[in-house]
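A short write-up of the structure that comes next.
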Amino acid sequence: MKDFRREIAVAIAAQEKIKEVGLDEASVYEILEVPADEKMGDYAFPCFRLAKAFKKAPNAIAEKLAGLITVPAAEKVENVAAYINFYLDRGEVAAEVLKTVLSEGDGFGSSLLGKGKTAIVEYSSPNIAKPFHIGHIRSTVIGSAIGNIMKFLGYDVTRINHLGDYGTQFGKLIVAYRRYGSKEEVEAEPIKTLLKYYVEFHKLAEDDPTLEVEARETFSKLEQGAEEEYELWKWFREESLKEFTVVYEMLGIEFDSYAGESFYSDKMDRVIDELEEKNLLQESDGAMIVDLEEYDLGKALIKKSDGSTLYITRDIAAAIYRKETYDFYKNLYIVASQQDLHFKQWIKIVELMGYDWAADCVHIPFGLVRLENGAMQTRTGNVVFLEDVLRGAVEKTREIIIEKAVNTDDVEEMSKTVGIGAVIFQELHNNRIKDYTFSWDKVLNFEGETGPYVQYSHARAASLLKRASEDGIVPSMEGLASASKYLTSDSSFALVKALFNLPETIEEAGLKYEPSILTRHIVDIAQAFNGFYHEEHIFALDAKERDAKLLLVKCAKQALANSLGLLGVGAPERM
Ligand code: ARG
């Protein structure tokens, strides 16, 4: 896409006066603003900082410069107060957008920014034998979207699910299972049953502290490779994974690797040895720690007194393994903000070990999800299972589809696309770092800034194009430039600009690891499209006008489909 902002920057930087103050094209480009009020033009150049050098009031400078500058793509350059406002030639922008979107198609919005660079995106990472609750939806959905966006930006993306499949809780589970577990019960409903054992274990352990000791010893045995313990652990893992897979399939989410915590169990000694060699380890009450007090990060426990390693040790091993295996450019972790300290600690340790790539390991935190009836907690069993949430969404959507007599011949498929799409969309619409309360009403509200609203807009565009093709209309790519003169009304231009801004919005969402930036822009596109639809007579009598408008509809549909795809939300043809 043509960079109109650049064109304006070049024209401004070419002014003698501007050169004299030492502003080059790049800095002018940075100074240019996009006015909040579109009446003030498409770009604005504030003149405040020129006052000193010019020894003149900013307003007077703006007035003078506005008269001197001409930009080929701008139909008007105007001074308002201390600003020079640039109004792009609407027809020219429309022509540029149509040309770009139609020729790039599915690739519209993509770039080569990350070419040749590997990005590891770690997300989801649920704990085996514990529920995949709605708290995990954040990591799963945000991480997957970040992976998609990075890939679209040209990065070589590797998706990892760092399963929580190791640690003392497996000692607890094995103890609990041996005391009162039943194989049939586990097989029938693995995670719910294992969770029940886990909750029960904690209740019993309150009266009988020896249980905790027994659990620790059992985990130690597992770490040392004891066969019976290993078999049980492996079985818990497999059964749990089956359940997780159901959820991933419902969400349409995939991974390249399931190398979880247990994968690193044989890579611990090396970490411990290396830490020792580099004089980072200290003994404390029989345990091994790294003292990070001087960085305000407390003490990191690396190895317990009973010899078992910890979550943090496995993260250090995993980072080293990933660097050696993938030679990543970025190693991203989409993990709750509750784990801030954990990430700060181990990334600091890796840095102290002398690995300069520690700086490329990035924790991408997100806030909490609360339930309307209070917080969720694994230990007491007050959880909402993600699978139930997704099934609920599909079911409720089915009711709405039937009630509203929505246009579809496959109610099942439509309920899935819309119901699950609604859950994903609302999740990605929230700024990731903010806490939010999960509410059924909000998720399934079909009006407002929601997934179904955007999906409906896409389907509306599809049906317009379908009607055109049924009428034998094939809008031609030829004469795009002349066609664009029909796309200069306020509502057309609002849509043109929303499409024009999509590529840089995707880039911003990628560089900030913030899918909500894209999600909100998708709503803008849908709203602009609906404004255009309501205000313009698309099937105009003039064939050229009609074709131009249909081409813009086609572009809007393409942009919605591409961006919904990045979020992992379906784009139905009918609705
Ligand atoms: N399994 C952990 C949990 O559910 C998240 C793992 C995060 N990833 C990591 N590399 N530490 O809390």
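Quick note on the numbering used here: the sequence shown kicks off at 2 and runs consecutively. By construction, the Cβ of each residue, glycine as well, lies at the ideal position given by its N, Cα and C atoms.
CA-CA distance, residue i and residue j?
| i | j | result |
| --- | --- | --- |
| V336 | H364 | 7 Å |
| M2 | A529 | 20 Å |
| M377 | T194 | Residue confidence for M377 is low, a pLDDT of 49 falling below 50, so the modelled location carries little weight; the figure read from the coordinates is stated next. If I take the Cα positions, the gap works out to 18 Å. |
| K279 | K349 | 14 Å |
| R380 | H203 | Confidence at R380 is low in this model, with a pLDDT of 46, below 50, so its placement is unreliable and no value can be given for it. |
| E230 | K513 | 44 Å |
| R91 | Y534 | 18 Å |
| K486 | S493 | 11 Å |
| G299 | L293 | 5 Å |
| K467 | E325 | 52 Å |
| S338 | G368 | 6 Å |
| Y181 | K118 | 51 Å |
| D442 | E448 | 11 Å |
| A560 | L551 | 14 Å |
| I19 | E39 | 26 Å |
| V419 | Q456 | 8 Å |
| Y156 | A216 | 44 Å |
| L565 | A572 | 7 Å |
| F540 | A463 | 14 Å |
| L51 | N86 | 16 Å |
| Q16 | D25 | 10 Å |
| H430 | D436 | 12 Å |
Please determine whether the Cβ atom of residue i lies at a distance below 6 Å from any heavy atom of the ligand ARG.
| i | result |
| --- | --- |
| G165 | yes |
| N332 | no |
| S126 | yes |
| D361 | no |
| V336 | yes |
| D341 | no |
| D316 | yes |
On a CA-only basis, which of the options is nearest residue i? Give me that one, please.
| i | options | result |
| --- | --- | --- |
| R315 | I62, A82, P476 and G165 | G165 |
| Y30 | T326, Y44 and V142 | Y44 |
| Q427 | S458, E414, T409 and A394 | A394 |
| A63 | T71, V72, P73 and A82 | A82 |
| K417 | T398, G68, A189 and A75 | T398 |
| V412 | V424, H522 and R575 | R575 |
| H163 | D436, D209, F256 and R271 | F256 |
| M478 | N563, A61 and L553 | L553 |
| I287 | L302, A560, S306 and R433 | Contrary to the premise, residue 287 reads as Gly rather than Ile in this sequence. It is S306 whose Cα lies nearest to the Cα of G287. |
| Y322 | K173, C362 and E213 | C362 |
| G144 | V122, D107 and A130 | V122 |
| S258 | E400, R179 and Y124 | Y124 |
| D357 | A557, S440, Q16 and A320 | A320 |
| N408 | L205, R461 and H522 | R461 |
| E536 | L103, L488 and V524 | L488 |
Which residues mark the beginning and the end of the alpha helix (DSSP H) in which residue i is found?
| i | result |
| --- | --- |
| S104 | R91 to E105 |
| Q456 | G452 to E471 |
| T489 | First-last for T489: undefined, no H or E at that position. |
| T141 | I135 to F153 |
| H343 | D341 to L353 |
| W236 | E228 to L252 |
| R271 | M269 to E278 |
| Q528 | P516 to E536 |
| V424 | V412 to H430 |
| F202 | P191 to D208 |
On the DSSP letters alone, give me the boundaries of the beta strand (DSSP E) that residue i sits inside.
| i | result |
| --- | --- |
| P47 | Y44 to P47 |
| D166 | No beta strand (DSSP E) contains D166, which DSSP labels as neither H nor E. |
| R547 | Where R547 is concerned, there is no enclosing beta strand (DSSP E), although the alpha helix (DSSP H) it sits in stretches over A544 to L568. |
| E284 | L282 to S285 |
| L302 | K300 to K304 |
| V291 | A288 to D292 |
| I365 | C362 to I365 |
Going by the DSSP bridge assignment, what does residue i pair with across the sheet?
| i | result |
| --- | --- |
| V158 | A120 |
| R579 | Because residue 579 is not part of the residues shown, which for the chain are 2 to 576, the question remains open. |
| A75 | L89 |
| E34 | A45 |
| V336 | The partner list for V336 (beta bridge, DSSP) is empty, contrary to what the question assumes. |
| K18 | K18 pairs with nothing; no bridge assigned. |
| F386 | H134 |
| Y327 | Y327 pairs with nothing; no bridge assigned. |
| Y84 | P47 and V81 |
| S258 | I161 |
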